[in-house]
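Residue numbers (the numbering used here): 217 to 287. Here is the structure we will look at, set down as structure tokens.
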């Protein structure tokens, strides 16, 4: 096996691990946001306003990327 093929396999393995970690972190973040919103939103905005703004930037970036013209 060549060095390039070995590096590709290693990179693919790392991406799978990080993808699962990111999915878990995102799911837990969305769960806590949902709990905060259902409790009236007061807890979430008082406890973690930086998290609310970070999630807003994260969601808005999806709209920006998906709204770009292709071609």
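Note that CB positions come from ideal geometry on N, CA and C, so glycine has one too. This structure is a prediction, so every number in the text was calculated from the model and none was measured.
Asked, Found
"Please look up how many angstroms separate the CB atoms of residue 271 and residue 250, rounded, as I've assumed it's under 8 Å.", "Actually they do not touch by this definition, with Cβ atoms about 11 Å apart."
"Taking the C-alpha atoms as reference points, what is the distance between residue 228 and residue 242?", "21 Å"
"How would you write the range of the alpha helix (DSSP H) that residue 270 sits in, first residue to last?", "265-282"
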